[in-house]
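Engineer: Numbering (my numbering), first residue to last: 17 to 291. C-beta atoms are modelled at their ideal positions from N, C-alpha and C, and glycine is treated no differently.
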Amino acid sequence: MRSDDSKLDALRAYLVLGFAALLVLAPYGLSVLTSLKTPQQYFSRPPLDMPDPATSANYSALGQAGFGRAALVTALVVAFLLLGQIAFSAMAAFAFAHLRFRGRETLFWVYLATLMVPPITTVVPWYLLMGELGLRGTFWTLVLPYVFGSPYAVYLLRENFRQIPEELITAARLDGANAFDVFYHVVLPVSRPILATLALITAVANWNGFLWPLIATSGPKWQVLSVATANLQDREIGNWTLVTAATTVAILPLLVCFLVAGKHIVRSIALTGLK
């Protein structure tokens, strides 16, 4: 009897989760569906009708509108920020978790308190600083304010690094390993799941970045996808098939990243729950 009840509960849970997943994925499916239609099909038929015939003209038009360059710039920005934030955040988290120095806890909590500062309040100071350095409107303007880690990343990694048994760290030091050896050969290999999770979070956040790229750059040279999509929407008012093609192009790399890193994310959540 209990077995039947548990199966019924599991079935209900799957139905609820399936319905929730359908609600979340429906807008993305509608976006892909719309992007494969011509404007005539979109305005003359119900939105949920299948494209007949499907067309790739909207995606070809994106190439002519400079979306290829915007995608390349966005990929470069994300790659640079991803490497920088993971590297610097991991080193800072290791120092806060396993190195002993005066004022460590105070410094950590003061740094973490910057999470309460709204990011928009730093836009003007960063803009003025980039102008003083002569970097405004360049690639470095897009990456320098965010490449040296973030409080959230340091906090997330520090809490995970603290779960590593101290005996493992001590054993490595007794074998003659210095702090960098411990960090590189002991801490990082056992922290791959949380690093993959943080990498995905960082990639998504920076791929979708809009406000700072909009303010810091002008013109098409260093335009990122989010800004290019907004400009396209302003130029092509009412041309929703082209706009949805642009949003589909912007979303696709994030889906690929999730499929690649999904296993590590689930593992990191499971390990955190067990600890």
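Between which two residues does the alpha helix (DSSP H) carrying H114 extend?
Structural biologist: For this step, residue 114 is matched to residue 98 along the sequence shown. Start and end: 83 to 114.
Engineer: I need the DSSP call for Q249, collapsed to helix, strand or coil.
Structural biologist: Mapped onto the sequence shown, residue 249 falls at position 233. Three-state result, Q249: helix.
Engineer: Roughly how many angstroms separate the alpha carbons of L241 and W228, rounded to a whole number?
Structural biologist: Taking the sequence shown and counting its residues from 1, one reaches residue 241 at position 225. Taking the sequence shown and counting its residues from 1, one reaches residue 228 at position 212. Answer to the nearest angstrom: the Cα atoms are 13 Å apart.
Engineer: Where does R61 fall in DSSP's three states?
Structural biologist: If you number the sequence shown from 1, residue 61 lands on position 45. Looking at R61 - three-state DSSP - the assignment turns out to be coil, as it is neither helix nor strand.
Engineer: According to DSSP, is A193 helix, strand or coil?
Structural biologist: By 1-based counting over the sequence shown, the position of residue 193 is 177. In the structure shown, A193 sits in coil (DSSP, three-state: anything other than H, G, I, E or B).
Engineer: When you compare only the Cα positions, how much space is there between A26 and V40?
Structural biologist: For the purposes of this step, residue 26 is taken as residue 10 along the sequence shown, with counting starting at 1. For the purposes of this step, residue 40 is taken as residue 24 along the sequence shown, with counting starting at 1. Between A26 and V40, the C-alpha separation is close to 21 Å.
Engineer: Evaluate the contact criterion for the region 189 to 203 versus the region 97 to 115: three or more CB pairs, one atom per stretch, below 8 Å.
Structural biologist: yes
Engineer: Since I believe S51 is in contact with T257 (beta carbons under 8 Å), could you give me their beta-carbon distance rounded to a whole number of angstroms?
Structural biologist: Here residue 257 refers to the residue found at position 241 of the sequence shown. Here residue 51 refers to the residue found at position 35 of the sequence shown. Right, their Cβ atoms sit about 6 Å apart.
Engineer: Which residue's Cα is closest to the Cα of T138: G100, G150, R85, Y162?
Structural biologist: Within the sequence shown, residue 138 is the residue found at index 122, counting from 1. The residue with the shortest Cα to Cα distance from T138 is Y162.
Engineer: Taking its Cβ as the centre, do 16 or more other Cβ atoms sit within 10 Å of K23, making it buried, or is it exposed?
Structural biologist: In the sequence shown, the residue the question calls residue 23 occupies position 7. By the 10 Å Cβ count, K23 comes out exposed.
Engineer: So which of E175, P141, P135, M146 has the shortest CA-CA distance to W125?
Structural biologist: Taking the first residue of the sequence shown as position 1, residue 125 is located at position 109. Among E175, P141, P135, M146, the Cα nearest to that of W125 is on E175.
Engineer: Quick one, which of N224, F274, N255, A261 has its alpha-carbon nearest V243's?
Structural biologist: On the sequence shown, position 227 is the one that residue 243 refers to. Nearest C-alpha to V243: N224.
Engineer: Secondary structure at V243, three-state DSSP: helix, strand or coil?
Structural biologist: The residue labelled residue 243 in the question sits at position 227 within the sequence shown. The answer is helix: DSSP assigns V243 an H, G or I state.
Engineer: Where in the region 134 to 178 do unbroken runs of the beta strand (DSSP E), each at least 3 residues long, occur, reported from the N-terminal end onward?
Structural biologist: none
Engineer: Here's the rule I'm using: 16 or more other beta-carbon atoms within 10 Å means buried, otherwise exposed. How should A29 be labelled?
Structural biologist: The sequence position of residue 29 within the sequence shown is 13, counting from 1. Burial call: exposed.
Engineer: According to DSSP, is F117 helix, strand or coil?
Structural biologist: Taking the first residue of the sequence shown as 1, we reach residue 117 at position 101. F117: coil per DSSP, three-state reduction.
Engineer: Cβ atoms of N255 and P55: under 8 Å apart, would you say?
Structural biologist: Counted from its first residue, the sequence shown places residue 55 at position 39. Counted from its first residue, the sequence shown places residue 255 at position 239. Contact: yes.
Engineer: Can you grab the Cα-Cα spacing for the pair S60 / I210, in whole Å?
Structural biologist: For the purposes of this step, residue 60 is taken as residue 44 along the sequence shown, with counting starting at 1. For the purposes of this step, residue 210 is taken as residue 194 along the sequence shown, with counting starting at 1. Those two C-alpha atoms are separated by around 48 Å.
Engineer: Nearest to M146 by alpha carbon, out of P134, P135, V133, L160?
Structural biologist: Position 130 of the sequence shown holds residue 146. The shortest C-alpha separation from M146 is found at L160.
Engineer: Between which residues of its own chain and L78 is the CB-CB distance below 7 Å, once the five residues before and five after are set aside?
Structural biologist: Taking the first residue of the sequence shown as 1, we reach residue 78 at position 62. Excluding positions up to five away in sequence, the list reads A261, A262, V265.
Engineer: Give me, in chain order, the residues of the same chain whose beta-carbon lies closer than 6 Å to that of S47; leave out the 5 immediate sequence neighbours on both sides.
Structural biologist: Position 31 of the sequence shown, counted from the start, is the residue given in the question as residue 47. Once the five neighbours on either side are set aside, the close Cβ partners of S47 are T260, T263, T264.
Engineer: Measure the C-alpha to C-alpha separation of R208 and F177 and round it to an integer number of angstroms.
Structural biologist: Residue 208 sits at position 192 when you count from the first residue of the sequence shown. Residue 177 sits at position 161 when you count from the first residue of the sequence shown. Cα-Cα distance, rounded: 11 Å.
Engineer: Considering just the uninterrupted stretch of the alpha helix (DSSP H) at P229, what are its terminal residues?
Structural biologist: For the purposes of this step, residue 229 is identified with residue 213 of the sequence shown, where counting begins at 1. DSSP places P229 in the uninterrupted alpha helix (DSSP H) bounded by 227 to 232.
Engineer: Look at the Cβ atom of T218, then the Cβ atom of Q101, and state whether they are nearer than 8 Å.
Structural biologist: Against the sequence shown, residue 218 aligns to sequence position 202. Against the sequence shown, residue 101 aligns to sequence position 85. Yes, they are a contact pair.
Engineer: Is W238 near T186, with beta carbons less than 8 Å apart?
Structural biologist: For the purposes of this step, residue 238 is taken as the residue at position 222 of the sequence shown. For the purposes of this step, residue 186 is taken as the residue at position 170 of the sequence shown. For W238 and T186, no; Cβs fall outside 8 Å.
Engineer: Tell me whether the beta-carbon of Y168 lies closer than 8 Å to the beta-carbon of L131.
Structural biologist: By 1-based counting over the sequence shown, the position of residue 168 is 152. By 1-based counting over the sequence shown, the position of residue 131 is 115. Yes, the pair counts as a contact, with Cβ atoms nearer than the cut-off.
Engineer: Among the residues of its own chain, which have a CB less than 6 Å from the CB of V94, if the five just before and after it don't count?
Structural biologist: Counting from 1 along the sequence shown, the entry for residue 94 is found at position 78. Closer than 6 Å at Cβ, skipping near neighbours: A219, N222, W223.
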